[in-house]
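**Q** Just so you know, the sequences run in chain order A, B and C.
Numbers 12 to 269, taken from my numbering, label the letters of the first sequence in order.
Numbers 2 to 276, taken from my numbering, label the letters of the second sequence in order.
Numbers 7 to 341, taken from my numbering, label the letters of the third sequence in order.
Note that CB positions come from ideal geometry on N, CA and C, so glycine has one too.
This is the structure, below, for whatever I ask next.
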Amino acid sequence: MLTLPALANLLTPLLAADAGDYFGKSVIENLPLFLHGIGMTLTISFWAALISFVVGLVVALLRVTPSGGLKIVAVAFTEFFRNTPLLVQVYAFYFGLPKLGVNLHLQLGPFEVSDSFAAGTLGLGLYTGAYVAEALRAGLLAVPKGQTEAARSLGLSLLQTLRLVVVPQAVRLVLPPLGNLYSAMLKNSAILSAVGVADLMYQADYVNNRSFRTFEIFSAVALFYLMLTLPLGFLVNWLENKFNPLRARRLRLRGARV
Amino acid sequence: MTNSDPHPPSSAAPANGTASAVSPRGKKSDGRPIIEFRDVHKRFGHLHILRGVEETIREGEVIVILGPSGCGKSTMLRCINHLEKIDGGSLIVDGIDLGDPHANVDKIRAETGMVFQQFNLFPHMSVLENVMLAPMKVRGTPKEEASAKGMKLLERVGIQAKADAYPIQLSGGQQQRVAIARALAMNPKIMLFDEPTSALDPEMIREVLDVMRDLARAGMTMVTVTHEMAFAREVADRVLFIDAGRVCERGTPQAFFDNPQEARAKDFLSKILKH
Amino acid sequence: MPSSDSEVRTISDSSSGTNPPLVLPAPRRRGPLVTPNRVFNLLGWLILALIVVFLVIPAARHGNWEPFGDANTWHYLWDTPDENGKPQGGLVYTLYVGIAACLISTAVGFVFALGRSSNNRFFHGFCSVYIELMRALPSYLIIFYVFIGLPKFASFYNSVVWPGAAAWARAHLGAGLGGAVEFLVEKFSYVVNFAFQWQPPGFAIMGLSLYTSAVMAEIFRAGILSIEKGQLEAAYSLGLKPHHTIINIILPQALRRMVPAIVSQLITLIKDTSLASIIALQELTRAGKQFYEFYLEPGKPPIVLETLFVVAAIYFVICYALSIISQRLEMKQGR
Ligand SMILES: Nc1ncnc2c1ncn2[C@@H]1O[C@H](COP(=O)(O)OP(=O)(O)OP(=O)(O)O)[C@@H](O)[C@H]1O
Ligand SMILES: [Mg+2]
Chain A
12 MLTLPALANL LTPLLAADAG DYFGKSVIEN LPLFLHGIGM TLTISFWAAL ISFVVGLVVA
72 LLRVTPSGGL KIVAVAFTEF FRNTPLLVQV YAFYFGLPKL GVNLHLQLGP FEVSDSFAAG
132 TLGLGLYTGA YVAEALRAGL LAVPKGQTEA ARSLGLSLLQ TLRLVVVPQA VRLVLPPLGN
192 LYSAMLKNSA ILSAVGVADL MYQADYVNNR SFRTFEIFSA VALFYLMLTL PLGFLVNWLE
252 NKFNPLRARR LRLRGARV
Chain B
2 MTNSDPHPPS SAAPANGTAS AVSPRGKKSD GRPIIEFRDV HKRFGHLHIL RGVEETIREG
62 EVIVILGPSG CGKSTMLRCI NHLEKIDGGS LIVDGIDLGD PHANVDKIRA ETGMVFQQFN
122 LFPHMSVLEN VMLAPMKVRG TPKEEASAKG MKLLERVGIQ AKADAYPIQL SGGQQQRVAI
182 ARALAMNPKI MLFDEPTSAL DPEMIREVLD VMRDLARAGM TMVTVTHEMA FAREVADRVL
242 FIDAGRVCER GTPQAFFDNP QEARAKDFLS KILKH
Chain C
7 MPSSDSEVRT ISDSSSGTNP PLVLPAPRRR GPLVTPNRVF NLLGWLILAL IVVFLVIPAA
67 RHGNWEPFGD ANTWHYLWDT PDENGKPQGG LVYTLYVGIA ACLISTAVGF VFALGRSSNN
127 RFFHGFCSVY IELMRALPSY LIIFYVFIGL PKFASFYNSV VWPGAAAWAR AHLGAGLGGA
187 VEFLVEKFSY VVNFAFQWQP PGFAIMGLSL YTSAVMAEIF RAGILSIEKG QLEAAYSLGL
247 KPHHTIINII LPQALRRMVP AIVSQLITLI KDTSLASIIA LQELTRAGKQ FYEFYLEPGK
307 PPIVLETLFV VAAIYFVICY ALSIISQRLE MKQGR
């Protein structure tokens, strides 16, 4: 019969090389590297999130203002960045900008910013910003026109109308899609390892090239990414239910199945 | 058509629209029982909505169900059509017990037509296609026949001109009349109406009520939930007042509206009739 | 993932068909959010003019666009032919990988959507875990995992699992059952070796399909769930059988609603084919990169940005065309 030790023997070539070895050894031994990688993934995601939100907000406002010229700029920006691959954009920043004489290696006071970090943050931020702009615009426009008209006819100023009537309603429409976007952004940050950003993916590749223990390394990395993205997914679900309590009730009643 | 006749299945719905014999009201109580609620219970989780409904509805009767909001009127109708499963007691519709897990539900659904407050027309099909769909798919009626019959029914509800339009191009009243025609296309023995006019503007309510009135005159068995008191008074054979999950008062419209017995019914009427 | 405004169409309360829909379709708004202002408008055009004069025109003038007047450049980007003219990569590979992954993930995604909607606990659980897992991982990582892990798994299967299981079955299960197990184990090796033998594009197709099929499954499920309950009740009350209801009522409506989400996922897929360049597939992005790295002409400036711009423009044409088609379809069904 196929006994348990026999099974373990069969699996050994796949999982571990020698006796005294164990599954996950290279991960444990290189844990500091992986933790650095996670730190870098979070750092770059944070800065890219900041850039993307500012860019997205500005572009969304440009798109809803009735100024023909600005609208063309905004539309060109969103459509170009949404319809081309992030990798190409990042390559353009990383390999292309220095050719124009732009120095990406920055010294901001005590902080040194490497060129790969600068190019990666910029690329990820602008790429995500184009999506953020679309999400914000959709949220602003989804507030029915009657609401603006009612507010204006009550004598509220334009800014008051936006601040007191339109934005509060738009926020609840916009938060869930934004959550999805930022969770996608966190995953997309893995692409930046292609230009040498020392993030989680980069460290995994590095350790893999030295130890060739592919399965355990990439399984661990998958687990790390799950730990980063799943909480964001739960947050989005929670937001969706919070702003749509009846939907939540419906899902509970039906056990969330078809 | 006289109500004491045993009905061959397809003659129950007068599809030609000319059957105009108004059966004398007194005689309807002689009809064969077609819907029998016996101690029917229905729960939604912890909510006990129907708590022992007892009622017998006879063939050809026009019933109007009244009651405060949330008392379970819709639930009662939906049980008849087996859109909700009952949790206790027995509900016999045209000889089939819906409490029985092996009941032929499809047969009941094909023989009862239902009209919803929100119309529920199929938005991706034209008006005529909406009406033709069920006869073709359920009964296997050939396309030409279904189409001819569909046109006849649309004529009967007065919108043959819109046969090729899509639901979204119609007014609410027109949509609801299409929904009635769609239900009639299956030659139902029983028609269920759940607040068919509640989503309509006042001027459209009439056109729908007119169609329903014609249907009642033609002898259709109808169970209607509505807040149109004038319609109830004029067309209903009997009124059922539901409260706390039971039929708490029943009687002719005259008796119910002019001289309600139960305190809860009096209370309800005083609130409704003031508006 | 792209914003999901298509998901929030009309979800009606399940408690009774008589309540109004909870989430009304977002009304299409006509006209601007704020009232026009002439000064502001003028300023906008001025800014646009400045951008064109100081950014676009210099970029076009000072760039080295000469290589892109050469047909060989375009051949290289189109399919990177070898001496015999056989395609070795380029846009052709991008499209090949994209279309194959699209077809596979649509089919697989449909199966997983059904599985997750099933009442069978095992199928439901398995499909849910697959979908959530794949959606939570970077597609970059998945492609990498397939690229590095699959050959190892294949060789392990071929050298250990297959012979081991076959020998064990022969020894312990007797001729009949043992033979059957042997047969199955052998046939499964085709599946295992499939992507391996199919490389280089095989890994990319497999990796992208793993991710995209999970997203497709969720799109299908959301589309089916978005059909108002009243539609089902109307169908049932007419006596339509479940399969008629699915074919005639649910699918036609659900498919229309899913078009925007599906197309936006296809756009993501086309863009994600560029990730295959990191597993050394010579698709468009890598072809472009190789092109500017190999391009050296004395006295001429390098063409990094120019090439990347051309590559980006090619992606843009494909993806933008897809989004235009999707918008057309959406408008057409707006009746
Ligand atoms: N699917 C369901 N799940 C949970 N509760 C339900 C469900 N359907 C109905 N209910 C509850 O059952 C009660 C009765 O509902 P029903 O729709 O039958 O009332 P109704 O008499 O038709 O009221 P209305 O006049 O407002 O239409 C309500 O309190 C409702 O919230
Ligand atoms: Mg109701």
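Within 6 angstroms: the Cβ of C/Ser243 and any heavy atom of ligand 2?
**A** Walking along the third sequence from the start, residue 243 of chain C turns up at place 237. Not so, every heavy atom of ligand 2 lies at least 6 angstroms from the Cβ.
**Q** Where are the alpha helix (DSSP H) runs, 4 residues long or more, that stay fully inside the stretch 42-66 of chain B, in chain order?
**A** Entirely contained in the stretch 42-66 of chain B, not one alpha helix (DSSP H) run reaches 4 residues.
**Q** Compare the C-alpha of C/Val221 against each of C/Ser232, C/Val197, C/Ile148 and C/Met140 and name the closest.
**A** If you number the third sequence from 1, residue 221 of chain C lands on position 215. Comparing Cα-Cα distances from C/Val221 to each of C/Ser232, C/Val197, C/Ile148 and C/Met140, the minimum goes to C/Met140.
**Q** Would you kindly check if the distance between the Cβ of A/Val70 and the Cβ of A/Ala85 is under 7 angstroms?
**A** Mapped onto the first sequence, residue 85 of chain A falls at position 74. Mapped onto the first sequence, residue 70 of chain A falls at position 59. Their beta carbons are under 7 angstroms apart, which means A/Ala85 touches A/Val70 by this criterion.
**Q** Identify the contact partners of C/Gly229 in chain B, using a Cβ-Cβ distance below 7 angstroms as the criterion.
**A** Within the third sequence, the letter at position 223 stands for residue 229 of chain C. Ordered by position in chain B, no residue passes the 7 angstroms Cβ test against C/Gly229, which lies about 13 angstroms from the chain.
**Q** Just checking B/Ser75 against ligand 2 - is the residue's beta carbon closer than 6 angstroms to any of the ligand's heavy atoms?
**A** Walking along the second sequence from the start, residue 75 of chain B turns up at place 74. For ligand 2, at least one heavy atom lies less than 6 angstroms from the Cβ of B/Ser75.
**Q** Using a Cβ cut-off of 7 angstroms, pull out every chain A residue sitting near C/Trp51, in sequence order please.
**A** Within the third sequence, numbered from 1, the residue matching residue 51 of chain C stands at position 45. The contacting residues are Gly79 and Gly80.
**Q** I'd like the list of long-range same chain contacts for A/Gly150, defined as Cβ closer than 6 angstroms, with 5 residues on each side in sequence excluded.
**A** For the purposes of this step, residue 150 of chain A is taken as residue 139 along the first sequence, with counting starting at 1. Around A/Gly150: Ala181, Leu184 and Val185.
**Q** Look up A/Leu243 in the DSSP assignment and say whether it is helix, strand or coil.
**A** As a position in the first sequence, residue 243 of chain A is number 232, starting the count at 1. Looking at A/Leu243 - three-state DSSP - the assignment turns out to be helix.
**Q** Around the C-beta of B/Glu145, are 16 or more other C-beta atoms found within 10 angstroms, so that it is buried, or is it exposed?
**A** Taking the first residue of the second sequence as 1, we reach residue 145 of chain B at position 144. Exposed, because fewer than 16 other Cβ atoms sit within 10 Å of the Cβ of B/Glu145.
**Q** Using only the alpha-carbon positions, how far apart do B/Pro261 and B/Met221 sit?
**A** Position 260 of the second sequence, counting from 1, holds the residue named residue 261 of chain B. Position 220 of the second sequence, counting from 1, holds the residue named residue 221 of chain B. C-alpha separation (whole angstroms): 27 angstroms.
**Q** Excluding the 5 residues flanking C/Val187 on each side, which residues of the same chain have their C-beta closer than 8 angstroms to its C-beta?
**A** Within the third sequence, the letter at position 181 stands for residue 187 of chain C. For C/Val187, where only same-chain residues beyond five positions count, the Cβ hits under 8 angstroms are Ala171, Ala172, Ala175 and Leu179.
**Q** Look up B/Gln170 in the DSSP assignment and say whether it is helix, strand or coil.
**A** The count along the second sequence starts at 1 and reaches residue 170 of chain B at position 169. It is helical.
**Q** Would you call the stretch 113-131 of chain A and the stretch 78-94 of chain A touching, i.e. three or more CB-CB distances under 8 angstroms?
**A** Touching, no, given that fewer than three Cβ pairs across the two stretches are closer than 8 angstroms.
**Q** Expressed to the nearest angstrom, what Euclidean distance is found between the alpha-carbon atoms of C/Val59 and A/Thr159?
**A** Locating residue 59 of chain C in the third sequence gives position 53, counting from the first residue. Locating residue 159 of chain A in the first sequence gives position 148, counting from the first residue. Distance between the alpha carbons of C/Val59 and A/Thr159 is about 37 angstroms.
**Q** Sort C/Ile268, C/Arg262 and C/Ile233 by Cα distance to C/Thr251 and report the nearest one.
**A** The sequence position of residue 251 of chain C within the third sequence is 245, counting from 1. Looking at the Cα atoms, C/Ile233 is the closest of the given residues.
**Q** Any chance the CB of B/Phe1 is under 6 angstroms from a heavy atom of ligand 1?
**A** Shown here, chain B extends from 2 to 276; a query on residue 1 of chain B therefore has no answer.
**Q** Please list the terminal residues of the continuous alpha helix (DSSP H) segment that includes B/Val224.
**A** Counted from its first residue, the second sequence places residue 224 of chain B at position 223. That residue, B/Val224, is in no alpha helix (DSSP H); its beta strand (DSSP E) goes Thr222 to Val226.
**Q** Starting from the beta carbon of A/Ala201, find every residue of chain C whose beta carbon is closer than 7 angstroms, and list them in chain order.
**A** For the purposes of this step, residue 201 of chain A is identified with residue 190 of the first sequence, where counting begins at 1. Going along chain C in sequence order, the residues near A/Ala201 (Cβ under 7 angstroms) are Pro144, Tyr146 and Leu147.
**Q** Secondary structure at B/Glu229, three-state DSSP: helix, strand or coil?
**A** By 1-based counting over the second sequence, the position of residue 229 of chain B is 228. Three-state DSSP puts B/Glu229 in coil, outside helix and strand.
**Q** Tell me whether B/Phe194 is buried or exposed, calling it buried when 16 or more other Cβ atoms sit within 10 Å of its Cβ.
**A** Indexing the second sequence from 1 puts residue 194 of chain B at position 193. Its Cβ being crowded by 16 or more others within 10 Å, B/Phe194 is buried.
**Q** Got a sec: does ligand 1 put a non-hydrogen atom nearer than 6 angstroms to the Cβ of B/Ser70?
**A** Numbered from its first residue, the second sequence carries residue 70 of chain B at position 69. Indeed, a heavy atom of ligand 1 lies less than 6 angstroms from the Cβ.
**Q** Check the Cβ-Cβ distances between A/Ile55 and every residue of chain C, and say whether any is below 7 angstroms.
**A** For the purposes of this step, residue 55 of chain A is taken as residue 44 along the first sequence, with counting starting at 1. Cβ-Cβ to chain C under 7 angstroms: no for A/Ile55.
**Q** Would you call the CB atoms of B/Pro203 and B/Arg234 closer than 7 angstroms?
**A** Counting from 1 along the second sequence, the entry for residue 203 of chain B is found at position 202. Counting from 1 along the second sequence, the entry for residue 234 of chain B is found at position 233. No, they are not a contact pair.
**Q** Going along the chain, which residues of the stretch 256-267 of chain C sit with their C-beta nearer than 9 angstroms to a C-beta in chain B?
**A** So the close ones are Pro258, Gln259 and Arg262.
**Q** Given 8 angstroms as the limit, is there contact between the stretch 119-127 of chain A and the stretch 82-100 of chain C, that is, 3 or more CB pairs closer than that?
**A** Segments in contact, no.
**Q** Do the stretch 317-327 of chain C and the stretch 268-284 of chain C make contact, defined as three or more Cβ pairs closer than 8 angstroms?
**A** Verdict: yes, contact present.
**Q** Is B/Ile50 near ligand 1, going by C-beta to nearest heavy atom under 6 angstroms?
**A** Mapped onto the second sequence, residue 50 of chain B falls at position 49. Yes, Cβ of B/Ile50 sits closer than 6 angstroms to a heavy atom of ligand 1.
**Q** Which value, in whole angstroms, describes the spacing of the CA atoms of A/Phe92 and C/Ile320?
**A** Position 81 of the first sequence, counting from 1, holds the residue named residue 92 of chain A. Position 314 of the third sequence, counting from 1, holds the residue named residue 320 of chain C. Taking the straight line joining both Cα atoms gives about 13 angstroms.
**Q** Following the continuous beta strand (DSSP E) through B/Cys249, name the residue where it begins and the one where it ends.
**A** Reading the second sequence from its first residue, position 248 is the one you call residue 249 of chain B. Taken as a continuous stretch (DSSP letters only), the beta strand (DSSP E) holding B/Cys249 covers Arg247 to Gly252.
**Q** Please list the terminal residues of the continuous beta strand (DSSP E) segment that includes C/Ser329.
**A** Here the question's residue 329 of chain C lines up with position 323 in the third sequence. From DSSP, C/Ser329 is part of no beta strand (DSSP E) but of the alpha helix (DSSP H) over Val310 to Lys338.
**Q** For B/Val139, which option in C/Tyr242, C/Ser332 and C/Arg44 has the closest C-alpha, if you only look at C-alpha atoms?
**A** Within the second sequence, residue 139 of chain B is the residue found at index 138, counting from 1. Checking every option, the nearest Cα to that of B/Val139 belongs to C/Tyr242.
**Q** Since B/Met115 sits in a beta bridge, which residues does DSSP pair it with?
**A** In the second sequence, residue 115 of chain B corresponds to position 114, counting from 1. Paired residue(s): B/Leu193.
**Q** When the Cα atoms are used, what is the spatial distance from B/Gly32 to C/Val117?
**A** Indexing the second sequence from 1 puts residue 32 of chain B at position 31. Indexing the third sequence from 1 puts residue 117 of chain C at position 111. Straight-line Cα distance between these residues: approximately 52 angstroms.
**Q** Please state whether DSSP places B/Pro34 in a helix, a strand or coil.
**A** Here residue 34 of chain B corresponds to residue number 33 of the second sequence, with the count starting at 1. Residue state, collapsed to three classes: strand.
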